[in-house]
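Notes follow the structure.
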Amino acid sequence: IIPLGKSRYENKMSDAEFSLRERDQKRLIQDKLIRFAVSTGGISVLVALVFLFVYLFFMVIPLFSDASIELKETYSFDIADKTIAIGVGDHGEAAFTLSNQGKIQFWSLSNPKAQPILSKAIIDGGDVLVHAATVDDWYGVADTKGNITFFQPQFSYRRVDGQSSPAPHIEYYRTNLDFTNQGKVLRNFTFSRQKTLTVASFYQNSSVEVRWRNGSELEVYQFDQKFPNLEQLVLTPDGQTLYLRTQSELVVAQKGQSRFVIREVVDLSQGQPERAVKNISLLSGAYSLLVTHQDGNVSQWFDVLASGQRALTYIRNFELPSELVLLLPDVYRKGFYSFYLNGTIQSYYTTSEELVLFKRLYNKAPQLAAMSNNESFLVSLRDNQLTLAEINNAFPEVSLSSLWQKVWYEGYPEPRYVWQTTPSSDTSEVKFSLVPIAFGTLKAAAFAMLFAIPIAVLGAIYTAYFMSPSMRRLIKPSIELMEALPTVIIGFLAGLWFAPLLERHLAAVMALIIMLPITILAVGAFWQVLPKKWTGFFSNGWHVIVLMPALILASMFILAQSGNIETLLFAGDVRVFLAEHGIDFDQRNALVVGFAMGFAIIPTIFTIAEDAIFSVPKHLSDGSLALGATQWQTLIHVVLLTASPGIFSAIMMGLGRAVGETMIVLMATGNTPIMDWNILEGMRTLSATIAVEMPESSIGSSHYRILFLAALLLLVFTFAVNSLAEWVRQRLREKYRSL
Numbered sequence: 001i002i003p004l005g006k007s008r009y010e011n012k013m014s015d016a017e018f019s020l021r022e023r024d025q026k027r028l029i030q031d032k033l034i035r036f037a038v039s040t041g042g043i044s045v046l047v048a049l050v051f052l053f054v055y056l057f058f059m060v061i062p063l064f065s066d067a068s069i070e071l072k073e074t075y076s077f078d079i080a081d082k083t084i085a086i087g088v089g090d091h092g093e094a095a096f097t098l099s100n101q102g103k104i105q106f107w108s109l110s111n112p113k114a115q116p117i118l119s120k121a122i123i124d125g126g127d128v129l130v131h132a133a134t135v136d137d138w139y140g141v142a143d144t145k146g147n148i149t150f151f152q153p154q155f156s157y158r159r160v161d162g163q164s165s166p167a168p169h170i171e172y173y174r175t176n177l178d179f180t181n182q183g184k185v186l187r188n189f190t191f192s193r194q195k196t197l198t199v200a201s202f203y204q205n206s207s208v209e210v211r212w213r214n215g216s217e218l219e220v221y222q223f224d225q226k227f228p229n230l231e232q233l234v235l236t237p238d239g240q241t242l243y244l245r246t247q248s249e250l251v252v253a254q255k256g257q258s259r260f261v262i263r264e265v266v267d268l269s270q271g272q273p274e275r276a277v278k279n280i281s282l283l284s285g286a287y288s289l290l291v292t293h294q295d296g297n298v299s300q301w302f303d304v305l306a307s308g309q310r311a312l313t314y315i316r317n318f319e320l321p322s323e324l325v326l327l328l329p330d331v332y333r334k335g336f337y338s339f340y341l342n343g344t345i346q347s348y349y350t351t352s353e354e355l356v357l358f359k360r361l362y363n364k365a366p367q368l369a370a371m372s373n374n375e376s377f378l379v380s381l382r383d384n385q386l387t388l389a390e391i392n393n394a395f396p397e398v399s400l401s402s403l404w405q406k407v408w409y410e411g412y413p414e415p416r417y418v419w420q421t422t423p424s425s426d427t428s429e430v431k432f433s434l435v436p437i438a439f440g441t442l443k444a445a446a447f448a449m450l451f452a453i454p455i456a457v458l459g460a461i462y463t464a465y466f467m468s469p470s471m472r473r474l475i476k477p478s479i480e481l482m483e484a485l486p487t488v489i490i491g492f493l494a495g496l497w498f499a500p501l502l503e504r505h506l507a508a509v510m511a512l513i514i515m516l517p518i519t520i521l522a523v524g525a526f527w528q529v530l531p532k533k534w535t536g537f538f539s540n541g542w543h544v545i546v547l548m549p550a551l552i553l554a555s556m557f558i559l560a561q562s563g564n565i566e567t568l569l570f571a572g573d574v575r576v577f578l579a580e581h582g583i584d585f586d587q588r589n590a591l592v593v594g595f596a597m598g599f600a601i602i603p604t605i606f607t608i609a610e611d612a613i614f615s616v617p618k619h620l621s622d623g624s625l626a627l628g629a630t631q632w633q634t635l636i637h638v639v640l641l642t643a644s645p646g647i648f649s650a651i652m653m654g655l656g657r658a659v660g661e662t663m664i665v666l667m668a669t670g671n672t673p674i675m676d677w678n679i680l681e682g683m684r685t686l687s688a689t690i691a692v693e694m695p696e697s698s699i700g701s702s703h704y705r706i707l708f709l710a711a712l713l714l715l716v717f718t719f720a721v722n723s724l725a726e727w728v729r730q731r732l733r734e735k736y737r738s739l
């Protein structure tokens, strides 16, 4: 029944309009929900990326912050005699003073009192000489007759009513060595007790004598020459090297079987009278000498091996003001503190050559200064007043120069880039140069891309432009599935199967790199001369079925001839031949990584490049062919130019993955942080370093934060590569849009 005044058509239209309005309302709601979800997801990704940058930045920025020192308190104590040595505990709760009368007194800093909490005479009366061991804070006190007492102040604590209070004591070192010498008056001495007690003594008659225990026997050695104006004796903690300084002349004596042999005599002023020497001291670890000159400069010297001989060598200089009064080496790090007449204090770290602290802490320079073993507290003495300061110097070894420039490390013949976070001993320098591992990252990525780009791009061109549709539907998904293969499996196969295979058949593998392309060209040329009635069985796009067996047979033949190739070209052993020509070979090397990582990134490059080439509009290639261009001309001048933005993006995506790859380089290289483009040597990458060393690093340490810096570098590099890729892609798209 149709209402009066309305046609059937009008009635249907009104129903349709009502229905469309209902669907439009639902569609509008769906569009808003989808738009909100997409916007939220996109914003979340950006926020997460920014948050990641910010987090890494705040983990890294403390590395480059300056050290700080704060004055805690000044204590006035009744110290009757002249003080010749002081010390402070690790908690800053107690300190000790040692007088020239051989009396040691411990003072409470947490609850200051007029009287010491412990007072004891080490020797009875007489002038004393004192020397602090450089490793474990042992002291030796001697009178002029040669009677020596060895002791170590101990800062122990006890809890009373829930509170900690200092309870110091003294530990003595008992020895049956007799250091007295009839008719000789002792003027100075030095000692060490790391392996066995060794004592070097200087007497009034200018003679120098060294005594040590060799098993059950007492060894005594007296230098033949006299040292009439000897000013300092310094013995290394291991008792192997003795330094004797007379003005600016330094005699270096090395311990032999049963004697000390003068190895060399060094002019520490280097022939410059204004650089006359005022004092020498051992840097932490006792491998380097710090030489204080009259003009205030401080130079660092250590042994360098050159032409098979070790020689004490000038390394670097620190230009300090001439008002320098006191120099205090760090306890366990390679730095030192300098004190000046006006009360200013500076701290330098020798490895990085950085000034990490500069502050006027006192009104005038202290007479003595000492640091706690944990380098957290500094105590100084001036006019019978002990001043305690708290130090915050967490990362002195890190600077831009130590991270990115060559550094002359102790024991090295020249400045180098070195990454070595696990030193051979507690006193060795940590080496945080990022250059070797950044170089290794680029090296691994370069060889992987060198292997992957030709195969992936040319394979994408063939698949998209020449291969038959039916075969393309088989090949393309198969290669894309390769991308899902876990990289740990690729790294496992590369390290445990391919690396030994390469080592056994190195000559054959290198021959394959040359012969396989030649084999492809030879098969193609042979195919062209075959009669058409034979080649007609294979339609265009199926030639790979003929080519693959030929490549497999050629590979098997060349591998079988590996021994003959080595005999013919390399006199029987290619590795010996390489070694004779100065080329090192590691089983897990850049060639293994190049093949393995290249295999991993080929699917990424291939997929994106193939899609870009296949997506070129058909009418462009048809128009080119219709105008008389050949298939190759059409491919080069039309198809590849149009697809160039996608191909470039594919290469950049592959590069980003190669730079960030972890498991393959971790398992397929020796993880040696060396700088050498030799394809037969290994490397270490930033990502592998993070994976290996992060579990071993101490939270909050320099090592820990530098690993975060490595992660930040990887993120910045990936972001820069992707940004560059997008910029180039947009430029290429605009350039070839007219096609």
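Following the numbering used here, the numbering of the sequence shown begins with 1 at its first residue and continues without gaps.
Just so it is clear, CB atoms sit at the ideal spot from N, CA and C, and this is done for glycine as well.
Problem - Which listed residue (A85, F439 and S433) has its alpha carbon closest to that of W677 - result: One-based indexing of the sequence shown puts residue 677 at position 677. Closest option to W677, Cα to Cα, is F439.
Handout entry: Nearest neighbour of Q240, chosen from D584, F260 and P228 [CA to CA]
Key = On the sequence shown, position 240 is the one that residue 240 refers to. Comparing Cα-Cα distances from Q240 to each of D584, F260 and P228, the minimum goes to F260.
Practice task
Could you work out which residue in Y157, I84, V721 and Y139 is closest to L118 when comparing CA atoms only?
Solution key: Position 118 of the sequence shown, counted from the start, is the residue given in the question as residue 118. Of the candidates Y157, I84, V721 and Y139, the one whose C-alpha sits nearest the C-alpha of L118 is Y157.
Handout entry: At least three beta-carbon pairs within less than 8 Å, the segment 428-437 to the segment 410-418
Key = Remark: three or more beta-carbon pairs, one from each stretch, lie closer than 8 Å, so the segment 428-437 and the segment 410-418 are flagged as touching.
Practice task
Determine, using beta carbons only, whether L746 and N279 come nearer to each other than 9 Å.
Solution key: Examination of residue 746 is not possible in this model, given that the chain is present from 1 through 739 alone.
Practice task
Could you give the DSSP three-state label for R187: helix, strand or coil?
Solution key: Taking the first residue of the sequence shown as 1, we reach residue 187 at position 187. Strand, per DSSP.
Problem - Cβ-based burial, R731 [other Cβ within 10 Å; buried from 16] - result: The residue you call residue 731 lines up with position 731 of the sequence shown. By the 10 Å Cβ count, R731 comes out exposed.
Problem - Terminal residues of the alpha helix (DSSP H) in which K364 lies - result: Along the sequence shown, read from residue 1 onward, the residue named residue 364 stands at position 364. It is not in any alpha helix (DSSP H) - K364 carries neither H nor E in the DSSP assignment.
Problem - DSSP three-state assignment for S299, whether helix, strand or coil - result: Along the sequence shown, read from residue 1 onward, the residue named residue 299 stands at position 299. If DSSP states are grouped into helix, strand and coil, S299 belongs with the strands.
Problem - Spatial neighbours of P228 in its chain, beta-carbon cut-off 7 Å, leaving aside the 5 residues before and after - result: As a working mapping, residue 228 is identified with position 228 in the sequence shown. S206.
Exercise for the section: Ignore the nearest five residues each way along the sequence and tell me which others in I605's own chain have a CB closer than 8 Å to its CB. Expected result: Your numbering for residue 605 matches position 605 in the sequence shown. Excluding residues within five positions, the ones whose Cβ falls inside 8 Å are A452, I453, A456, V457, A460, A650, I651, M653 and G654.
Handout entry: Closest residue to H543 among A609, A525 and I613 (Cα-Cα distance)
Key = Residue mapping note: residue 543 aligns to position 543 of the sequence shown, counting from 1. With distances taken between Cα atoms, H543 lies closest to A525.
Problem - CB contact flag (M663, A445, <9 Å) - result: Along the sequence shown, one-based indexing puts residue 663 at 663. Along the sequence shown, one-based indexing puts residue 445 at 445. The Cβ atoms of M663 and A445 do not sit closer than 9 Å to each other.
Handout entry: E171: first and last residue of the uninterrupted beta strand (DSSP E) it sits in
Key = The residue given as residue 171 occupies position 171 in the sequence shown. Start and end: H169 to Y173.
Practice task
Run the CB neighbour count on G285, radius 10 Å, all protein chains shown included, and call it buried at 16 or more, exposed below.
Solution key: The sequence position of residue 285 within the sequence shown is 285, counting from 1. When all chains shown are included, G285 counts as buried.
Exercise for the section: Kindly indicate the opening and closing residues of the beta strand (DSSP E) around I455. Expected result: To locate residue 455, count along the sequence shown from 1; it is residue 455. It is not in any beta strand (DSSP E) - I455 instead sits in the alpha helix (DSSP H) that spans V435 to I461.
Problem - Given 8 Å, three or more beta-carbon pairs between the segment 70-90 and the segment 151-171 - result: Contact holds: three or more Cβ-Cβ distances are below 8 Å.
Handout entry: Three CB pairs or more closer than 8 Å across the segment 389-409 and the segment 348-366
Key = yes
Problem - Burial state of V741 (16 or more Cβ within 10 Å) - result: Outside the shown range of the chain (1 to 739) lies residue 741, about which nothing can therefore be said.
Practice task
Have a look at A571 and A554 and give me their C-alpha separation to the nearest angstrom.
Solution key: For the purposes of this step, residue 571 is identified with residue 571 of the sequence shown, where counting begins at 1. For the purposes of this step, residue 554 is identified with residue 554 of the sequence shown, where counting begins at 1. Their backbone Cα atoms lie some 24 Å apart in a straight line.
Practice task
Below 6 Å CB to CB, which residues in the same chain sit around L799 once its five sequence neighbours on both sides are set aside?
Solution key: This structure does not reach residue 799, given that the chain is present from 1 up to 739, and the question cannot be answered.
Practice task
Count the CB pairs spanning the segment 489-502 and the segment 581-600 that are closer than 8 Å, and state whether there are at least three.
Solution key: yes
Practice task
Using 10 angstroms around the beta-carbon of P549, count the other beta-carbons present and answer buried if the total reaches 16, otherwise exposed.
Solution key: As a first step, residue 549 is located in the sequence shown; it is residue number 549 there, counting from the start. Taking all protein chains shown into account, P549 has fewer than 16 neighbouring C-beta atoms within 10 Å of its C-beta and is therefore exposed.
Exercise for the section: Please name the residue or residues paired with L235 in a DSSP beta bridge. Expected result: The sequence position of residue 235 within the sequence shown is 235, counting from 1. DSSP lists L242 as partners of L235.
Handout entry: For L485, the three-state DSSP class (helix, strand or coil)
Key = Start at 1 with the first residue of the sequence shown, and residue 485 comes out as number 485. Coil.
Exercise for the section: Would you grab the beta carbon distance between V638 and S621 for me? Rounded to a whole angstrom, and I think it's under 8 Å. Expected result: Mapped onto the sequence shown, residue 638 falls at position 638. Mapped onto the sequence shown, residue 621 falls at position 621. Taking 8 Å as the upper bound for CB-CB distance, V638 and S621 are in contact here, some 6 Å apart.
Handout entry: For K107, the first and last residue of its enclosing beta strand (DSSP E)
Key = The residue labelled residue 107 in the question sits at position 107 within the sequence shown. Residue identity check: residue 107 is Trp in the sequence provided, not Lys. It spans K103 to S108 - the beta strand (DSSP E) in which W107 sits, taken as one unbroken run.
Handout entry: Continuous alpha helix (DSSP H) stretch holding V740: start and end
Key = Residue 740 lies beyond the residue range present for the chain, which begins at 1 and ends at 739; the question has no answer from this structure.
Practice task
Compute the Euclidean distance between the alpha carbons of Q270 and L355, then round it to the nearest angstrom.
Solution key: Working through the sequence shown from its first residue, we reach residue 270 at position 270. Working through the sequence shown from its first residue, we reach residue 355 at position 355. Their Cα atoms are separated by approximately 25 Å.
Practice task
Quick one: residues in its chain with C-beta nearer than 6 Å to the C-beta of G296, no 5 flanking neighbours on either side, listed in chain order?
Solution key: Start at 1 with the first residue of the sequence shown, and residue 296 comes out as number 296. For G296, where only same-chain residues beyond five positions count, the Cβ hits under 6 Å are L320, P321, S322 and L324.
Practice task
State yes or no: is the C-beta of A445 nearer than 8 Å to some heavy atom of the ligand NAP?
Solution key: Looking at this structure, you won't find the ligand NAP or any other ligand, since it has none at all.
Exercise for the section: Using alpha carbons as the reference points, say which of M675, W138, L386 and L63 lies closest to K113. Expected result: Residue 113 sits at position 113 when you count from the first residue of the sequence shown. It is L386 whose Cα lies nearest to the Cα of K113.
Practice task
Can you tell me which of S644, E693, Q30 and P673 puts its alpha carbon nearest to the alpha carbon of T685?
Solution key: As a first step, residue 685 is located in the sequence shown; it is residue number 685 there, counting from the start. Closest option to T685, Cα to Cα, is P673.
Practice task
Count the other C-beta atoms from every protein chain shown that fall within 10 angstroms of the C-beta of N589, then say buried if there are 16 or more, exposed otherwise.
Solution key: What you label residue 589 is simply residue 589 of the sequence shown in a count that begins at 1. Per the 10 Å Cβ criterion, buried.
Handout entry: Endpoints, alpha helix (DSSP H) assigned at Q730
Key = Here residue 730 is taken as the residue at index 730 of the sequence shown, counted from 1. Its alpha helix (DSSP H) spans residues S702 to K735.
Practice task
In angstroms with no decimal places, state the Cα-to-Cα distance between E696 and A306.
Solution key: As a position in the sequence shown, residue 696 is number 696, starting the count at 1. As a position in the sequence shown, residue 306 is number 306, starting the count at 1. Going from the Cα of E696 to the Cα of A306 covers about 35 Å.
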